[in-house]
Amino acid sequence: MLQIMDREREQSLLPLWRMPFRPMFLGAAIWSCIALCLWLAQLRGISLPGLRGGVTWHAHEMLFGFAGAVVVGFITTAMQTWTGLRAPTGRSLIALSALWLAARLGYAFASVPLWLPVVLESGFFLVAAALTGRRILAVRQWRNLFVIPALIAFAALAAAHWLLPGWQRSAGLVTLLLVTGLITVFGGRVIPFFTARRFQLPQRDKIAALEIGSHISVLALLLTVGLNLPKPLWGWLALALGLLQLARCWRWRPSLIWREPLLWSLHLSYWFIVLGFLMAFLAWTGIAPGLEGGALHAFAVGGIGGMILAMISRVTLGHTGRTLKCPRLMPLAFAALVLAALARIFWAPAANGLLAAVCGWLLGYGLYLYYYAPMLMAPRADGQAG
562 MLQIMDRERE QSLLPLWRMP FRPMFLGAAI WSCIALCLWL AQLRGISLPG LRGGVTWHAH
622 EMLFGFAGAV VVGFITTAMQ TWTGLRAPTG RSLIALSALW LAARLGYAFA SVPLWLPVVL
682 ESGFFLVAAA LTGRRILAVR QWRNLFVIPA LIAFAALAAA HWLLPGWQRS AGLVTLLLVT
742 GLITVFGGRV IPFFTARRFQ LPQRDKIAAL EIGSHISVLA LLLTVGLNLP KPLWGWLALA
802 LGLLQLARCW RWRPSLIWRE PLLWSLHLSY WFIVLGFLMA FLAWTGIAPG LEGGALHAFA
862 VGGIGGMILA MISRVTLGHT GRTLKCPRLM PLAFAALVLA ALARIFWAPA ANGLLAAVCG
922 WLLGYGLYLY YYAPMLMAPR ADGQAG
């Protein structure tokens, strides 16, 4: 039975601190827009004195600041459903959020010594791992035990990305593939479930070879890239992953989704992951080396950025006690992320391509904030806890 706090204590908390998804989703969406505006300003030659900036800062903030916050918010919220134990709230959630925010500010200002935000950020992921792991172990929820090493890996990779210059690019790439791999796991669980439930259809039985093959291939690719084994091996693993994901998502009834923005946004984002793996195969095997940048942004913008927008839109509705009805202009937000991804993959690094990609992102996440920020900061619409 879910251990819900007593009603008096629930009411004493500001709504923002009643569930982890609230501050994490809100902070990640706001920060992604700020970070991209600062990055675009730097690319346009606008001087931003006192700010750290640069390619490393941009990559770090989108991977660890933006995606990392959503991963933590999603896992620590879903953990309540997994284990039946109350998710972190109140002071523990405030402390977790403070670590994330302090790290963002520390990285942003060049006068702050790097070791300080590195410690704060690694602490953020390790605290999240401890909060999650304690609950999973308490109920022996072995199926989801993998999230603990994943969060610990985030902590290590965040430090390596800044403190080990020789491994900087590898740390960034491993993190990008780690987030992508988590999407293949969680997406493979929820996308077919959401689709079947919406149309009141039985969920198709999973094919064990596809599921196990996908998980093993993700782990193999992470190890292969992390150990810097020959690039053609990366490419062949990417091809295997692309074909496995294509076979998986083809079974999720994609022909039914087009009138449902909360569904087609999830499916399209997953297809960008398929595209990323296939482009990475061509790049890493040497068939078309110039496609590597496009492949990485297929993962980053279309896959991760698009999937996060789709998921946090749905999760926010469900966990704030609202009906799963898409706000009026959110289909435009989802479409804007699709266009941003296409611009970043096929048009950038041309200046206008980068501008189009950033504008698409800002429109997508700006609309999310317009509609969902009030929900995240208000009590549940149904009066329930959380």
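Residue numbers for the sequence shown follow the working numbering, beginning at 562 and rising by one.
Beta carbons: idealized from backbone N, C-alpha and C, even for Gly.
Out of 881, 602, 747 and 672, the CA that lies nearest to the CA of residue 868 is found in 747.
As DSSP reads the structure, residue 670 sits in a beta bridge with 612. For residue 868, the uninterrupted alpha helix (DSSP H) segment begins and ends at 867-880. DSSP, read as helix, strand or coil, puts residue 887 in coil. 824 is the residue among 734, 886 and 824 whose C-alpha sits nearest the C-alpha of residue 751. The C-alpha of residue 721 lies about 7 angstroms from the C-alpha of residue 728. Within a 10 Å sphere around the beta-carbon of residue 607 sit fewer than 16 other beta-carbons, which makes this residue exposed.
Measuring C-alpha to C-alpha distances from residue 590 to each of 879, 871 and 730 identifies 871 as the nearest.
Below 8 angstroms, enough C-beta pairs join the region 572-584 and the region 646-655 to call them touching: three or more. The region 616-631 and the region 728-743 touch, with no fewer than 3 CB-CB distances between them shorter than 8 angstroms.
Looking at 836, 682, 845 and 646, the one whose alpha-carbon comes closest to that of residue 786 is 845. Per DSSP, residue 628 is not a residue of any alpha helix (DSSP H), being assigned neither H nor E. Every alpha helix (DSSP H) stretch that sits fully inside the region 778-821 and reaches 4 residues is listed by chain position as 792-811. Around the beta-carbon of residue 850, fewer than 16 other beta-carbon atoms lie within 10 Å, marking it exposed. Judged by DSSP in its simplified three-state form, residue 650 adopts coil rather than helix or strand. With contacts defined as CB atoms closer than 8 angstroms, residue 944 and residue 906 fail to qualify as a contacting pair.
Here the alpha carbon of residue 816 sits roughly 19 angstroms from the alpha carbon of residue 887. Per DSSP, the unbroken alpha helix (DSSP H) holding residue 736 starts and ends at 729-759. Around the beta carbon of residue 674, fewer than 16 other beta carbons lie within 10 angstroms, which makes this residue exposed. Around residue 897, the same chain offers 921, 924 and 925 as residues with beta carbons nearer than 6 angstroms, after the five sequence neighbours per side are excluded. Residue state for residue 679 is assigned as helix, using DSSP reduced to three classes.
Sequence-distant partners of residue 836 (beyond 5 residues in either direction) whose C-beta falls short of 6 angstroms from its own C-beta, in its chain, are 859.
For residue 819, the number of other beta carbons within 10 angstroms of its own is below 16, and it is reported as exposed.
Under the three-pair Cβ rule at 8 angstroms, the region 928-946 does not count as touching the region 900-920. Judged by DSSP secondary structure, residue 707 falls outside any alpha helix (DSSP H); it is assigned neither H nor E. Here residue 606 carries a coil assignment [DSSP, helix/strand/coil].
Rounded to whole angstroms, the gap between the alpha carbons of residue 852 and residue 572 is 53 angstroms. With fewer than 16 other CB atoms across the displayed protein chains lying within 10 angstroms of its CB, residue 672 is exposed. The continuous stretches of alpha helix (DSSP H) do not include residue 851, and DSSP gives it neither H nor E. Taking C-alpha positions only, residue 642 is separated from residue 765 by approximately 22 angstroms.
Residue 688 and residue 644 do not touch by the CB rule: their CB atoms are close to 17 angstroms apart, not below 8 angstroms.
Cβ atoms of residue 712 and residue 679 stay farther apart than 8 angstroms, at about 16 angstroms.
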